[in-house]
Structures are given as structure tokens and as C-alpha cells.
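Enquirer: Let me begin by handing over the structure; questions about it come next.
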Amino acid sequence: MHSRQIAAAAASFTLITLISAAPALAHAGDVAAGGFITGFLHPIFGWDHVIAMVAVGLWGAFLGQPAIWLLPVTFPLVMAFGGMLGATGVPLPGIEIGIAASGVVIGLAVLFAARPPLTVAAIVVAVFAIFHGHAHGAEMPGAVHPLAYAGGFVIGTGLLHLAGIAFGMLTRTKLGTLAVRGAGGVIAAFGAVFLVGAL
Numbered sequence: 125m126h127s128r129q130i131a132a133a134a135a136s137f138t139l140i141t142l143i144s145a146a147p148a149l150a151h152a153g154d155v156a157a158g159g160f161i162t163g164f165l166h167p168i169f170g171w172d173h174v175i176a177m178v179a180v181g182l183w184g185a186f187l188g189q190p191a192i193w194l195l196p197v198t199f200p201l202v203m204a205f206g207g208m209l210g211a212t213g214v215p216l217p218g219i220e221i222g223i224a225a226s227g228v229v230i231g232l233a234v235l236f237a238a239r240p241p242l243t244v245a246a247i248v249v250a251v252f253a254i255f256h257g258h259a260h261g262a263e264m265p266g267a268v269h270p271l272a273y274a275g276g277f278v279i280g281t282g283l284l285h286l287a288g289i290a291f292g293m294l295t296r297t298k299l300g301t302l303a304v305r306g307a308g309g310v311i312a313a314f315g316a317v318f319l320v321g322a323l
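Quick note on numbering: the sequence shown equals residues 125 to 323 in our numbering.
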């Protein structure tokens, strides 16, 4: 897939998500707007979330078609489900460990150029997405609009995936591939630090 097609697909996904969130914003006023912004910033200002979401984009770009779009779409969709579980108080053990482990596992997959079957890669991403989503949902402030908050953290996550994909496009060259794999190693190292802190 060419860069323009990737950008168009990513823009379409983001636009669809924005449109889906628009009714919540229109009907709930300032509470919804505040919820959207809070949800949007939640993954962006959490480094344990950032590294994993960028790693998903990197891994998708590294694997190429159709993983380049399938993994970054799978993650926020499953993450929204995890967010619902967290918001409704459904318990999930080891949330912080799961979040930290996602950076380690996906970062190492990029570092070592792991190319599992697409189904396996999607399952790995989906499992970790539940932990990230649960954390977002459980930490949702009580005063915000739930749908607006969910729309915000899904879009924030999507943008982090896009950043990973953009960097991952460097794999078209030999030097760029080394840079991407090196970035996977850095992500895995940060993930390991978070994992030690979570244990």
C-alpha cells in the first residue's frame, strides 16, 4: 500500500470516529466537551500507554499489508470494550502489569522483526488492548460524559498509532529498518522499566 493510501485510510478511520463522537458532544454540552478532552489526553500523557500504542503502529507498518491497518484498528476497537469493562467496575487482575507487558512484548516483536501469522499478531494486540482500555474506563472521572470520554481516548490512541505507522514507514530502506527495530528495542526497555514498577 502506498503512503497516500495509508494516510487516506487512517484519515477515514479518524473521521468516522470523530463523527461517531459528535452526537455525544452536541447533546451534552460542556460536560461532553470536557469528557472528550479528558479522554483524548489520557493516553497521550501516560507514557506506559504511549509506548505501547506507538509500538502497535510500528509493528503494523513493519509487517506491511494488511497488518498496517488491521492492528491499529483492532487495538482501539477492543480497547473501547475494555474501557466499558473498566467503567462498569468489572474486575480485571494485573492491569498495570498487562499495560507494561504490552510495551515489552510488542517492542520486542519489532526489535526482533517477528512475523507471526496475522491472526496471532491481532490476538496479541487485542489482549493488551483490553488492559489499556480497562485502565482508561476505570480512571474516567465521574463528572464527564462516558461516550465523549470514550471517543476522546479512542481518537488519542489512533493518533499515537498513526505516529508509529509514520515512523514505521522508514522500513522501506535498510537504514530505516534498523531505526525502526531500534525504536522497538527502546520501547521494550521502557516497558521493562514500567513492568518492574508494576510488580
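A virtual CB, placed ideally from N, CA and C, is assigned to each residue, including glycine.
What you are looking at is a predicted structure, and each value in this text was computed from that prediction instead of being measured.
Look at the Cβ atom of Gly181, then the Cβ atom of Gly288, and state whether they are nearer than 8 Å.
Expert: Cβ distance < 8 Å, so Gly181 and Gly288 count as in contact.
Enquirer: DSSP three-state label for His269, please.
Expert: Reduced to three states, the DSSP call for His269 is coil.
Enquirer: How many angstroms separate the CA atom of Met208 from the CA atom of Gly309?
Expert: Cα to Cα, Met208 sits roughly 32 Å from Gly309.
Enquirer: Alpha carbon to alpha carbon, how far is Glu220 from Gly315? Give it in angstroms, no decimals.
Expert: Near 11 Å, if we compare the C-alpha coordinates of Glu220 and Gly315.
Enquirer: Would you mind working out which of Ala303, Pro241, Gly206, Leu294 sits nearest Ala262, comparing C-alpha positions?
Expert: Among Ala303, Pro241, Gly206, Leu294, the Cα nearest to that of Ala262 belongs to Gly206.
Enquirer: Using beta-carbon positions only, say whether Gly227 and Ala272 come within less than 8 Å of one another.
Expert: No, these two residues do not count as a Cβ contact at 8 Å.
Enquirer: Would Phe291 and Ala307 be called neighbours here (beta carbons separated by less than 8 Å)?
Expert: Yes. Within cutoff.
Enquirer: Judging by CA-CA distance, which residue of Ala185, Phe164, Phe169, Thr162 is the nearest neighbour of Gly300?
Expert: Measuring from the Cα of Gly300, the nearest candidate turns out to be Ala185.
Enquirer: State the Cα-Cα distance for the pair Ala303 and Gly257, rounded to the nearest angstrom.
Expert: The alpha-carbon atoms of Ala303 and Gly257 are separated by roughly 29 Å.
Enquirer: Determine the DSSP secondary structure at Thr297, reduced to helix, strand or coil.
Expert: In the structure shown, Thr297 sits in coil (DSSP, three-state: anything other than H, G, I, E or B).
Enquirer: Which residues bound the alpha helix (DSSP H) around Thr198?
Expert: Its alpha helix (DSSP H) spans residues 191-211.
Enquirer: For Phe169, report the span of its alpha helix (DSSP H) as first-last.
Expert: It is not in any alpha helix (DSSP H) - Phe169 carries neither H nor E in the DSSP assignment.
Enquirer: Is DSSP giving Phe236 helix, strand or coil here?
Expert: Correct three-state label for Phe236: coil.
Enquirer: Quick one: grab the DSSP three-state call for Gly218.
Expert: Looking at Gly218 - three-state DSSP - the assignment turns out to be coil, as it is neither helix nor strand.
Enquirer: Does the Cβ of Leu201 have 16 or more other Cβ atoms within 10 Å, making it buried, or fewer, making it exposed?
Expert: By the neighbour-count rule (16 or more Cβ atoms within 10 Å), Leu201 is not buried but exposed.
Enquirer: Who are the near neighbours of Leu195 in its chain, counting only those whose CB is closer than 7 Å to its CB and skipping five residues on each side?
Expert: The answer, listed in chain order, is Val180, Trp183, Gly184, Ala245, Ala246, Val249.
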